[in-house]
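Chains as they are written, first to last, in the working numbering: chain P, 938 to 1245; chain U, 17 to 287.
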């Protein structure tokens, strides 16, 4: 896993490929085309890229209107503004009528780093997940981000794609991607670790550390938070008898709660949620911020061990 | 459609509004009655729509940004034959296609789900922008209210309509001067609306009487100004056509009782 590419960068590349394949695809941005990487698409397809200025509420509703005309709008800004500021527009004008709009929001999570807590969305998964009918996806690496973009273009309905600013390792292995189908990327009998996004890589490293202590961890990449792969979650929870969820998101409302919703009252097992512990983020180098909030491989390994 | 026919159509829609809200025991008659002429004129004299084929890809589009005027919208659509007037009795009831605010998934002829104020004009901008992008000659109409213009997003939408030179978009601005808590000026002054709308880049047509059907049609028939979105700012009367509702903020979101229904229908009879 030598090469590091941010999922947002892969998103930009994927849009260009998608643009060539599907002329219905259009892209909207809110004055962040360089940061979100939709600027790459703009260079190739300038007449299919719409800068809506710093007006996110208007942007997502314009995307809603475009979708009713048969276009497939991919709409991007930072997760804080796309899922946060424009939340009610997404809820009422896109999800309620089940419009085919793809909300691809970058700079999610605390790995945003230096911009600080005001720009680190740690509640976007929670906000999007509670909306009826919303598909919610968090790719783990650049390859998965690309596959998710292509899958979403084929899927008819509202969807939220969570993308990261930070360049992160690209897996050597090529995993299949199907919306709603989790990928088991490591088998182990002692604990089922359900994770997503940048934390998948950290959890794989953590699993190696645990192995040295004789703890065998299954690592499951739950790239689709909604609809969640209940079958896989149930199977591995039963099989291992212990569950830990790890996400770069608040421990409230995200992957951890999605997993617990599946298991609650059905599977008896140890359960621990790891993530940002009901507090705001802060400025710092991404690696330092992740460490401050306990989301690096060695910290995750220690917490998994403590949970068993 | 002649002016006389349009006026008859408008009277029928007004009776629909009274019946729907009275049946439901709730709803928004005031802002529905003020919107009748502009909405009816758009559908009856301007728009290419086919009630038998509500999803016709070549249809023109209408977005009711002030979604609480749903009774007016449902009245217009039913009078045109998009669905049966029998549905009126189900307005605001469980399992009805006629939700309290328009639901695009449920009502034939409704293209956007609205009701949360400030969002519909943006959706209409998206439709008009997409039509331009796709090389279609689709005309898009959006109706907003004056109270609704207190939402900042309305102005974001206006800004983007001018930026993208959407001369296929007409905003029908229903300026009845009243909102739930009182007059616009008491609640939050809108200032010099004509000047603001012109400054935001509209081809503005101001109608001293937005409930004058002939004047509304005349405004809509004017040639478009290339590269400019149009706004028809109609000064209207909230509760128009029902004496005891006219210019009363209290009738924003209150249904007539049976006695009031009878009186209202009597006043609207034969118009």
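Virtual Cβ for every residue (Gly too), placed ideally from N, Cα, C. Quantities reported herein were computed from a predicted structural model and do not represent experimental measurements.
Take residue 58 of chain U, set aside five residues on each side of it, and the residues of its chain with a beta-carbon closer than 6 Å to its own are 157, in chain order. Sorting U:48, U:109 and U:215 by C-alpha distance to the C-alpha of residue 267 of chain U places U:48 at the top. Listed in chain order, the beta strand (DSSP E) runs fully inside the region 1033 to 1075 of chain P are 1039 to 1042 and 1072 to 1074, counting runs of at least 3 residues.
Against chain U, the CB of residue 1000 of chain P has a partner CB under 8 Å away; the residue lies at that interface.
Residue 198 of chain U is bridged by DSSP to U:195.
Residue state for residue 123 of chain U is assigned as coil, using DSSP reduced to three classes.
Looking at the backbone, the Cα of residue 112 of chain U and that of residue 106 of chain U are separated by about 6 Å. For residue 1004 of chain P, the enclosing alpha helix (DSSP H) has its first and last residue at 993 to 1005.
The CB of residue 86 of chain U never comes closer than 8 Å to any CB in chain P; the least such distance is about 14 Å. Interface criterion met: the Cβ of residue 121 of chain U is under 8 Å from a Cβ in chain P. Under the DSSP assignment, residue 251 of chain U falls in the beta strand (DSSP E) whose first and last residues are 246 to 251. Taking one beta carbon from each stretch, the region 1142 to 1157 of chain P and the region 1019 to 1037 of chain P have fewer than 3 pairs nearer than 8 Å; the two do not touch. In summary, residue 991 of chain P is exposed, with fewer than 16 beta-carbon neighbours lying within 10 Å of its beta-carbon over all protein chains present. Here residue 1048 of chain P is buried, its C-beta having at least 16 other C-beta atoms within 10 Å.
Taking all protein chains in view, the Cβ of residue 110 of chain U is surrounded by fewer than 16 other Cβ atoms within 10 Å, so the residue is classified as exposed. The alpha-carbon of residue 93 of chain U is positioned some 14 Å away from that of residue 51 of chain U. Under the DSSP assignment, residue 944 of chain P falls in the alpha helix (DSSP H) whose first and last residues are 944 to 958. The C-alpha of residue 1208 of chain P is placed about 58 Å away from the C-alpha of residue 247 of chain U. With contacts defined by Cβ atoms closer than 8 Å, residue 1076 of chain P and residue 1063 of chain P do not form a contacting pair. Proximity to residue 1101 of chain P across P:1115, P:1119 and P:1082 peaks at P:1082, based on C-alpha coordinates. Of all residues in the region 134 to 158 of chain U, only 134, 135, 136, 137, 138, 139, 140, 141, 142, 143, 144, 145, 146, 147, 149, 150, 152, 154 and 156 place a beta-carbon less than 9 Å from a beta-carbon of chain P. For the alpha helix (DSSP H) assignment, the uninterrupted runs of no fewer than 4 residues enclosed by the region 82 to 136 of chain U are, from N- to C-terminal side, 86 to 96.
The continuous beta strand (DSSP E) containing residue 1011 of chain P extends over residues 1009 to 1013. In terms of Cβ geometry, residue 203 of chain U and residue 170 of chain U do not form a close pair [threshold 8 Å]. Classified as buried, residue 1095 of chain P has 16 or more neighbouring CB atoms from the shown chains inside 10 Å of its CB. Rounded to whole angstroms, residue 272 of chain U and residue 125 of chain U show a C-alpha spacing of 27 Å. Chain-order list of chain U residues neighbouring residue 1013 of chain P: empty, with the shortest C-beta distance near 15 Å, by a criterion of under 7 Å. With fewer than 16 neighbouring CB atoms inside 10 Å of its own CB, residue 20 of chain U falls in the exposed class. Under DSSP, no beta-bridge partner is assigned to residue 1173 of chain P. Exposure of residue 18 of chain U is indicated by the presence of fewer than 16 other C-beta atoms within 10 angstroms of its C-beta. A direct Cα-Cα distance of roughly 12 Å separates residue 172 of chain U from residue 166 of chain U. In this chain, the beta strand (DSSP E) harbouring residue 159 of chain U covers 156 to 161. Scanning P:1144, P:1186 and P:1199 for the CA closest to the CA of residue 1168 of chain P turns up P:1199.
Residue burial annotation: residue 1027 of chain P is buried, with at least 16 other C-beta atoms found within 10 angstroms of its C-beta.
Using a Cβ distance threshold of 8 Å, residue 1034 of chain P and residue 963 of chain P do not count as a contacting pair. Among the residues facing chain U, residue 1220 of chain P is not included, as its CB has no counterpart in that chain under 8 Å away.
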